[in-house]
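Colleague: Residue numbers (our numbering): 759 to 996. Please find one structure pasted underneath; my questions will follow.
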Amino acid sequence: MESVPDWRAVRTDDGSWTLAHPEHGETCHSTSGAWQQALERYARPCRLRERAQAGARELRLLDIGTGLGLNLAAALSELDGTGCALIADTFERDASVREAMLELVSVHGALDPRAEPFHARVRAALERGGDRSIRTHFGDARALVPALEPTARYDAVFLDPFSPRREPDLWTGEFLAAIAARMAPGAWLSTYTVSKPVRRALAAAGLAVLDGPAVGRKRAGTLARSALDGGTRRAEPL
Numbered sequence: 759m760e761s762v763p764d765w766r767a768v769r770t771d772d773g774s775w776t777l778a779h780p781e782h783g784e785t786c787h788s789t790s791g792a793w794q795q796a797l798e799r800y801a802r803p804c805r806l807r808e809r810a811q812a813g814a815r816e817l818r819l820l821d822i823g824t825g826l827g828l829n830l831a832a833a834l835s836e837l838d839g840t841g842c843a844l845i846a847d848t849f850e851r852d853a854s855v856r857e858a859m860l861e862l863v864s865v866h867g868a869l870d871p872r873a874e875p876f877h878a879r880v881r882a883a884l885e886r887g888g889d890r891s892i893r894t895h896f897g898d899a900r901a902l903v904p905a906l907e908p909t910a911r912y913d914a915v916f917l918d919p920f921s922p923r924r925e926p927d928l929w930t931g932e933f934l935a936a937i938a939a940r941m942a943p944g945a946w947l948s949t950y951t952v953s954k955p956v957r958r959a960l961a962a963a964g965l966a967v968l969d970g971p972a973v974g975r976k977r978a979g980t981l982a983r984s985a986l987d988g989g990t991r992r993a994e995p996l
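Quick look at the structure:
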């Protein structure tokens, strides 16, 4: 482990790098593999490539807890070569993680060589404060998400704040309902937590809730899907 200003650099078990929060110490990604988690917990369960291959020419992503931008890079990698564009709105509370990520890359050359072609694209957008296809929002997502254009709907949601114990305000029923209201028909949400209150809140927001795949040392995460017809579809309580 090495240090960058305030945030602590951590090399995960798959060789990729992440950062630990300067105060509470939680890492931005699983220590079993940051790049593995980005791909297998977020990009693939949300069926990005599958939908692109089915003919989608544009997919919209709501990224809550952007951190180092590795989940965004995984989304871009899934769409590589499909001809499908990614339009993302990204939300991060603490802008200092962006500077720590840039310092980490300057020291090690990349967060992961497999991610680099895609993470370079994300870094460029984050450094510029966003661009036409990756729009960055720094601050409290509880205020920022409702302030998006009223008609904006998303095909995928990556829900990746710090844990409910550390950032409980980003896991409330009210906030999860605001996210659910932004999901297009048939959209997928993926998150690492299996918290029963979080799952109940997602179901109460009208989403079908089920187990996500095992990734690294976690036996499951949580997936939630909006109804194909745009209506509510409640799952049984978990």
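Glycine residues also receive a C-beta, built at the ideal position from the N, C-alpha and C atoms. The model shown is predicted, which means the values in this text are computed figures rather than measured ones.
How about Ala945 and Ala914: do their beta carbons lie closer than 8 angstroms?
Modeller: yes
Colleague: Within 8 angstroms of any Cβ in chain B, is that where the Cβ of Ser864 sits?
Modeller: Looking for chain B here will not work: only one protein chain is present.
Colleague: Taking contact to mean at least 3 C-beta pairs separated by less than 8 angstroms, is the segment 800-815 in contact with the segment 912-930?
Modeller: yes
Colleague: Give every residue of the same chain whose Cβ lies closer than 6 angstroms to the Cβ of Ser891, excluding the five residues on either side of it in the sequence, and list them in chain order.
Modeller: Ile845
Colleague: Measuring only the C-alpha atoms, how far is Leu820 from Arg856?
Modeller: Answer to the nearest angstrom: the Cα atoms are 18 angstroms apart.
Colleague: Among all the DSSP beta bridges, which residues are the ones paired with Asp821?
Modeller: Thr848, Phe916
Colleague: Specify, as a first and last residue, the run of the beta strand (DSSP E) that Leu968 falls within.
Modeller: 966-969
Colleague: Identify the continuous alpha helix (DSSP H) that holds Ala962 and give its terminal residues.
Modeller: 954-962
Colleague: Just curious, the alpha helix (DSSP H) that Pro875 is in, first and last residue?
Modeller: 874-886
Colleague: Which parts of the segment 928-953 are runs of the beta strand (DSSP E), unbroken and 3 residues or longer, counting only runs that do not cross its ends?
Modeller: 941-949
Colleague: If you count every other CB in all the chains shown that lies within 10 Å of the CB of Leu968, and 16 or more means buried, which is it?
Modeller: exposed
Colleague: Do you know whose CA, among Trp775, Ala936, His779, Lys976, lies nearest Ala792's CA?
Modeller: Trp775
Colleague: Which class does Val903 belong to by DSSP, given the choice of helix, strand or coil?
Modeller: coil
Colleague: Given a cut-off of 8 angstroms, decide if Gly979 and Thr930 are closer than it, judged by their beta-carbon atoms.
Modeller: no
Colleague: Would you tell me roughly how many angstroms separate the C-alpha atoms of Glu808 and Glu798, rounded to the nearest one?
Modeller: 14 angstroms
Colleague: When the distance is taken between beta carbons, is Asp764 closer than 8 angstroms to Ala858?
Modeller: yes
Colleague: I'd like the list of long-range same chain contacts for Ala963, defined as Cβ closer than 7 angstroms, with 5 residues on each side in sequence excluded.
Modeller: Cβ contact annotation for Ala963 (same chain, cutoff 7 angstroms, sequence separation greater than five): Leu934, Ala935, Ala938, in chain order.
Colleague: Under three-state DSSP, which class holds Trp765?
Modeller: coil
Colleague: Name the DSSP bridge partner or partners of Val863?
Modeller: Partner(s): none; Val863 has no beta bridge.
Colleague: Taking 8 angstroms as the cut-off, decide whether the C-beta atoms of Gly1016 and Ser790 are in contact.
Modeller: Look at the range of the chain in this structure, 759 to 996, and you will see that residue 1016 is not part of it.
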